[in-house]
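Top to bottom, those sequences are chains W and H. In this text, residue positions in the first sequence follow UniProt numbering: the first is 1, and each later residue adds one. In this text, residue positions in the second sequence follow UniProt numbering: the first is 1, and each later residue adds one. Have a look at the structure below before the remarks.
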Amino acid sequence: MPGKVKLHYFNGRGRMESIRWLLAAAGVEFEEKYITSPEDLDKLRNDGRLMFQQVPMVEIDGMDLVQTRAILNYIASKHNLYGKDLKERALIDMYIEGMADLNEMIIIFPWHPPEEKAAKLALIKEKTTNRYFPAFEKVLKSHGQDYLVGNRLSRADIHLVELIYNVEELHPGLTTNFPLLKALKTRISNLPTVKKFLQPGSQRKPPLDAKCLEAAKRIFRLP
Amino acid sequence: MPGKVKLHYCDGRGRMEAIRWLLAAAGVEFEEIFLETAEDLDKLRNDGRLMFQQVPMVEIDGMELVQTRAILNYIASKHNLGKDLKERALIDMYVEGMMDLNEIIIMLLTYPPEEQVNQLALLKEKTTNRYFPAFEKVLKSHGQDYLVGNRLSRADVHLVELIYNVEEFDPGLTANFPLLKALKTRISNLPTVKKFLQPGSQRKPHEDMKTMDKARKIFRF
């Protein structure tokens, strides 16, 4: 079907998962073309379709877009999930960049050598509990509204709920002392599009397991 | 003066420099409040002024904004340095690539000396083989004076800052990229940018170990 959104990545979460969440929440259908070998990646590169030789790459509205933030920004703006004006966007950007810093630690976590994993996990828990979750709980407390910004759904809510799920997978107790975050997670999870995405059989990807990690190392030619 | 833009950071480039470049290019005056000690950073944190306990922080239009990209996005949008949705997608894509390369530069002096040698080699390799070819190709593809939309955008400002940064490590890195060199000249000649490139401006000098040692004390790393 012409004009369909197509995601190019390997069959795992990595840097593409936030994009899947946002598309799903916005009710946008998408196809996925999985990279399963280094040769698949080489072909995309040799065909000149990856501006910086990297994925994620998303075909959307006639563009081959790369760079996670560029892709997310475009989808969010197009589907009115980026605030209504400049100042709302500033708040959204500030919040989601903090989330991206924490999420980055989670994305990279499986790649650490075993001897480093315990320390990295401890760092993730510490930052979640002492820096990031308190900051977002405080935002919700400050205005008492159902959404982080502008009293309506924005990408900030979607990225935060994805983050909460990710963090809870590493350690379920981490949301215990954050009642407003828990309530936001429930509310957003009950939106029809998000609810569908959270069901088995959706395009949401499971956590990276050892097999998938090995496949990714092979595809990206990493040690 | 009420409403003046105020930057909170240490007296060095780090993650604030791209913000200084953009404000300067947009012709926006700003003040700087330099962190000199770890206690200065503590005070900002204890006063609840840093959402994630980190700088850069910029006071602008009644907000205390943190997160480099949030700050840059706000300034760029406010001063028309990137137009409609599709142009913004291109600008974002280009700028994110530039930030990936610039990140190597920002982090360089935080590594032990042996690792710095490797990172420098990586910087040169990525500049020559990945990033500069990508941007040269964009300029070649449309033959226009600016990266996007045939007019000045933040992408041009960030790229020229990056070119200056990279040339400080190795002047020869732009040798095979004539269109990038031409862009650098053109942007450097814009009145606001020309002013920023002059001695005595708020542009910070090339990061050295002295600045890094001071930063280590302030940020306790």
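A virtual CB, placed ideally from N, CA and C, is assigned to each residue, including glycine. Predicted model, so just to flag it, every value in this text is computed and none were measured.
Query	Result
I need the straight-line Cα distance from W/Q166 to W/S18, nearest angstrom please.	The sequence shown places Asn at residue 166 of chain W, not Gln. Looking at the two C-alpha atoms, the distance is approximately 11 Å.
Out of curiosity, what's the CA-to-CA distance linking W/T175 and W/E162?	13 Å
So, with DSSP's three-state summary, where would you put H/I33?	strand
Would you verify that the beta carbon of W/S37 is, or is not, closer than 9 Å to some beta carbon of chain H?	no
Report the option in H/M212, H/F169, H/M16 whose CA atom is closest to the CA atom of H/M57.	H/M16
Considering only the beta carbon of each residue, do residue 223 of chain H and H/V157 sit closer than 9 Å?	Because residue 223 of chain H is not part of the residues shown, which for chain H are 1 to 221, the question remains open.
Do W/H159 and W/A90 have their C-beta atoms within less than 9 Å of each other?	no
What alpha helix (DSSP H) runs, 4 residues minimum, are completely inside the segment 8-74 of chain H?	17-25, 38-46
Could you give the DSSP three-state label for H/E207: helix, strand or coil?	coil
Could you give the distance in angstroms between the alpha-carbon of H/M1 and the alpha-carbon of W/M51?	A caution first: H/M1 carries a pLDDT of 45, below 50, which makes its placement in the model unreliable, though a value can still be read off. Distance between the alpha carbons of H/M1 and W/M51 is about 44 Å.
Hey, is H/V28's beta-carbon within less than 9 Å of any beta-carbon in chain W?	no
Taking just the CA atoms, how far does H/G3 sit from H/V28?	12 Å
Mind checking if H/G3 is an interface residue toward chain W, Cβ cutoff 9 Å exclusive?	no
Going along chain W, which residues have a C-beta under 8 Å from H/D92?	Q67, R69, A70, N73, Y74
Given that W/S77 touches chain H, what residues does it touch there, using C-beta distances under 8 Å?	L85, R88
Let's test the definition: count the other Cβ atoms within 10 Å of the Cβ of H/R20 and tell me whether it reaches 16, buried, or not, exposed.	buried
Using 9 Å as the limit for Cβ to Cβ distance, is H/D42 near chain W?	no
Select from H/K86, H/A182, H/A25, H/K140 the residue whose C-alpha is nearest the C-alpha of H/A76.	H/A25
Could you work out which residues of chain W lie near H/L65, taking near to mean beta carbons separated by less than 8 Å?	A90, M94
Kindly list, in the order they appear in chain H, the residues whose Cβ is closer than 8 Å to that of W/Y132.	F52
With 16 other CB atoms within 10 Å as the buried threshold, where does W/K185 fall?	buried
On the criterion of 16 or more Cβ atoms from any shown chain inside 10 Å, does residue 230 of chain W qualify as buried, or is it exposed?	Chain W is shown from 1 up to 223; residue 230 of chain W falls before or after that span and cannot be answered.
So H/A18 and H/E161 are in contact, right, with Cβ under 8 Å, and what is the actual spacing, rounded?	6 Å
For W/L86, return the contacting residues in chain H, with the cut-off set at a CB-CB distance below 7 Å.	Y74, S77, K78
Within its chain, find whatever has a CB closer than 7 Å to the CB of W/K125; leave out the 5 residues flanking it on each side and keep chain order.	H171, L174
Using a cut-off of 7 Å between C-beta atoms, extract the partners of H/E96 located in chain W.	Q67, R69, A70
How should W/S154 be labelled, buried or exposed, when 16 other C-beta atoms within 10 angstroms of its C-beta is the threshold for buried?	buried
Is there a C-beta anywhere in chain H that falls below 9 Å from the one on W/D101?	yes
Whole angstroms is fine: what's the gap from W/A70's alpha carbon to H/Q116's?	30 Å
Where are the beta strand (DSSP E) runs, 3 residues long or more, that stay fully inside the UniProt domain "GST N-terminal" (3-83) of chain W, in chain order?	5-9, 30-34, 57-60, 63-66
Can you list, in chain order, the residues of its chain with a C-beta nearer than 7 Å to that of W/M1? Leave out the 5 residues immediately preceding and following it.	A caution first: W/M1 carries a pLDDT of 45, below 50, which makes its placement in the model too unreliable to give a value.
Contact check, H/N102 vs W/D93 under 8 Å by CB: the rounded distance?	No, H/N102 and W/D93 are not in contact; Cβ-Cβ is about 18 Å, not under 8 Å.
Okay, do the segment 179-189 of chain H and the segment 138-156 of chain H touch, 3+ Cβ pairs below 8 Å being the bar?	yes
Do we get a CB-CB distance below 9 Å when we pair residue 226 of chain H with the residues of chain W?	The requested residue 226 of chain H does not occur in the structure, where chain H is confined to residues 1 to 221.
Does H/T68 come within less than 9 Å of chain W when only Cβ atoms are used?	yes
Please tell me whether W/A135 has its Cβ less than 9 Å away from any Cβ of chain H.	yes
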